[in-house]
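There are 2 protein chains.
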Amino acid sequence: MADNQEPGQLIIIGGAEEKDGDCKVLREFVRRAGGTKARIIIMTAATELPREVGEDYTKIFERLGTEDVRIIDTVTRDDASSSTYLEAVGKATGIFFTGGDQSRITSIIKDTELDTLIHKRYAEGAVIAGTSAGAAVMPDVMIVEGDSKTNPRAEVVEMGPGMGFLPGIVIDQHFSQRGRLGRLIAALAQQPAVLGFGIDEDTAIVVNQNVIEVVGSGSVTIVDVAEITHSNVDNLLKDEPMAICGAKLHILPDGYRYDLKNRKPILERIIQPLAAA
Amino acid sequence: MADNQEPGQLIIIGGAEEKDGDCKVLREFVRRAGGTKARIIIMTAATELPREVGEDYTKIFERLGTEDVRIIDTVTRDDASSSTYLEAVGKATGIFFTGGDQSRITSIIKDTELDTLIHKRYAEGAVIAGTSAGAAVMPDVMIVEGDSKTNPRAEVVEMGPGMGFLPGIVIDQHFSQRGRLGRLIAALAQQPAVLGFGIDEDTAIVVNQNVIEVVGSGSVTIVDVAEITHSNVDNLLKDEPMAICGAKLHILPDGYRYDLKNRKPILERIIQPLAAA
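These protein sequence lines are chains A and B, in that order.
Residue numbering for the first sequence follows the numbering used here, beginning at 5 and increasing consecutively.
Residue numbering for the second sequence follows the numbering used here, beginning at 5 and increasing consecutively.
Here is the structure:
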């Protein structure tokens, strides 16, 4: 719930979340953004089909009972200073980044007034969510693009600046569905973060300060390279295969939690309240 | 090298090994099986195209200088008692299982005279190799079939008895190329072994007693669940997602070695002899 001056939450979705039926992941977003009283902004910067995508999400959020839903379609950086947009975002309790191309989000919004304002709303308690490309932009360093179904090599992934909502980690999406372990590890090896989150489709991590909770039908794969015993990364040319020894691996489904500060799963299962069933 | 009464070696290949050009992985098999003096048997039980597949491998092994290459195409269990076949296998220094369907290998050969004899030749020093389906059959419990690109759930993999050359582990093949982390972990969770080896295409593990060495252009992903801090596997229904906390993950490319007994990578790089370059 926003407007209570507690820090906000992030909902980082691995793409292809269920849009008919129960909509468990999107339901979680709406509930945490304020439920039927939420004021939701749909950010369509990533997609080349902003109208269709925006309207699809609008219908879902309205079906769940939220009356105040607005689409913001920034096409240029100028759009990201539009006073109409800024006014709407200034009141938002939930801001949702759609899928598409993550570079479009950063190139249009990063370091604009809109960017500053979204971060301000987040600090004030708004929920920031993103799916697929909208998930990719959450860290300070993001996967711009890369190859799936490969072993880790430097050349399989291109990194770039992200939106910085969750610094110090790496996010990959469509994780199991596209076979992205190699890509996640290649990304991890190329910047200072030691924690990589591979988020499955129809699955999200809810980040509430240092506690991460998994929601959805798939799993979240966490690779922790903080205490590796060996890596050959410093000596590699671009097309050579990486070696990593002693990484830690956790695979967490719905209801599991993870302590981001101590880098450990929280091993008591959550009992879901009936309302969230 | 066989016929020296030292125990044999296994060469377990993740499929799609290079068959033109340098043939690094197949070259390793031929060299270890006795080089130009090797007596090689190609076992085509797994494939429905035994003639084509057998002839392809014959050409490669002959190109590398081995003159004594024979194809054994067991179609029925009766074939696996053929005295001609048994005589040939009794003298073999290298036995190579082709790809295809791993169930065909076990259903035709397991617990036959041929099976007993191959194990005897292995104990006497022969090199046993297998690619793809031929790799899958190496453990005592094998992946019969399963889904790729999924998170781990019991239903994604079917296990069955393997040929038992390398007990106590799980092998998966085409690992990175088909996105099989979830499948490997689902397999690991369903039998007593704690070590899973995901072998990439054009990549092999050479097993020489307790030392495993990686050869080829891809990587070997090792998942060690011996010291996990949590798993939900005992309470799961078939379609529910598994949780695994605190598994160990190693990704090892060509030249890296692993100590099977102590379950640790051996962290001195091998300097390849010029001949193997």
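Glycine is no exception: its CB is placed at the ideal position from the N, C-alpha and C atoms.
Fair warning: this is a prediction, and the values are worked out from it, not measured in the lab.
Contacts of residue i in chain A (Cβ-Cβ under 8 Å)
{"i": "B:Met246", "result": "Ser223, Ile255, Pro257"}
{"i": "B:Ile189", "result": "Ile255"}
{"i": "B:Tyr1", "result": "No answer is possible for residue 1 of chain B: the residues shown for chain B start at 5 and end at 281."}
8 Å Cβ cut-off: residues of chain B touching residue i
{"i": "A:Pro156", "result": "Ser223, Ile255"}
{"i": "A:Asp204", "result": "Asn155"}
{"i": "A:Val227", "result": "Leu253"}
Inter-residue Cα distance where the pair is residue i and residue j
{"i": "B:Ile112", "j": "B:Val148", "result": "14 Å"}
{"i": "A:Val229", "j": "A:Pro269", "result": "15 Å"}
{"i": "A:Gly12", "j": "A:Glu52", "result": "29 Å"}
{"i": "B:Arg267", "j": "B:Gly69", "result": "36 Å"}
{"i": "B:Phe65", "j": "B:Gly98", "result": "11 Å"}
{"i": "A:Ala208", "j": "A:Ala137", "result": "13 Å"}
{"i": "A:Ser180", "j": "A:Asp243", "result": "24 Å"}
{"i": "B:Arg74", "j": "B:Tyr262", "result": "33 Å"}
{"i": "A:Thr233", "j": "A:Ile248", "result": "8 Å"}
{"i": "B:Glu205", "j": "B:Val29", "result": "10 Å"}
{"i": "A:Ile189", "j": "A:Gln195", "result": "11 Å"}
{"i": "B:His254", "j": "B:Thr225", "result": "6 Å"}
{"i": "B:Ala37", "j": "B:Ala130", "result": "7 Å"}
{"i": "B:Thr40", "j": "A:Gly18", "result": "53 Å"}
{"i": "A:Ala280", "j": "A:Pro171", "result": "Confidence in A:Ala280 is poor, its pLDDT being 44 and thus under 50, which makes the residue's placement unreliable; the coordinate value appears in the next sentence. The straight-line gap from Cα to Cα measures roughly 29 Å."}
{"i": "A:Lys265", "j": "A:Gly202", "result": "18 Å"}
{"i": "A:Cys27", "j": "A:Asp72", "result": "19 Å"}
{"i": "A:Ala197", "j": "A:Gly168", "result": "13 Å"}
{"i": "B:Arg157", "j": "B:Gly94", "result": "42 Å"}
{"i": "B:Glu10", "j": "B:Ile132", "result": "14 Å"}
{"i": "A:Arg81", "j": "B:Asp105", "result": "56 Å"}
{"i": "B:Glu128", "j": "B:Asp77", "result": "23 Å"}
{"i": "A:Ile173", "j": "A:Ala191", "result": "10 Å"}
{"i": "B:Val219", "j": "A:Asn239", "result": "19 Å"}
{"i": "B:Ile109", "j": "B:Val79", "result": "9 Å"}
Chain B contact residues for residue i, given Cβ-Cβ distances below 7 Å
{"i": "A:Lys153", "result": "Ser180, Gln181, Arg182, Gly183"}
Proximal residues of chain A, C-beta to C-beta of residue i below 9 Å
{"i": "B:Pro269", "result": "Thr233, His234, Ala247, Cys249, Gly250"}
Residues that residue i bridges to, as DSSP identifies them
{"i": "B:Tyr260", "result": "Answer by DSSP bridge pairing: none, since B:Tyr260 is not bridged."}
{"i": "B:Gly134", "result": "B:Ile16, B:Phe101"}
{"i": "A:Asn212", "result": "A:Gln13, A:Val215"}
{"i": "A:Ile109", "result": "Answer is none; A:Ile109 lacks a bridge partner."}
{"i": "A:Ala251", "result": "B:Leu253"}
{"i": "B:Ile203", "result": "B:Val224"}
{"i": "A:Asp176", "result": "A:Gly202"}
{"i": "B:Val161", "result": "B:Gly150"}
{"i": "A:Met47", "result": "A:Ile76, A:Phe101"}
Residues that residue i contacts on chain A, provided the C-beta gap is smaller than 7 Å
{"i": "B:Gly186", "result": "Ser180"}
Test item: CB-CB of residue i and residue j under 8 Å
{"i": "B:Asn155", "j": "B:Gly186", "result": "yes"}
{"i": "B:Ala50", "j": "B:Thr116", "result": "no"}
{"i": "A:Thr135", "j": "A:Glu217", "result": "no"}
{"i": "A:Ser152", "j": "B:Gly183", "result": "yes"}
{"i": "B:Ile15", "j": "B:Glu32", "result": "yes"}
{"i": "A:Gly200", "j": "A:Val227", "result": "yes"}
{"i": "B:Leu118", "j": "B:Ala139", "result": "no"}
{"i": "A:Lys252", "j": "B:Lys252", "result": "yes"}
### Task
Evaluate the contact criterion for the segment 256–266 of chain A versus the segment 140–147 of chain B: three or more CB pairs, one atom per stretch, below 8 Å.
no
#### Entry: Touching by the beta-carbon criterion (3+ pairs, under 8 Å), the segment 30–45 of chain B and the segment 88–106 of chain B
yes
### Task
Flag this pair as touching only if the segment 55–63 of chain B and the segment 80–91 of chain B have three or more C-beta atom pairs under 8 Å; answer yes or no.
no
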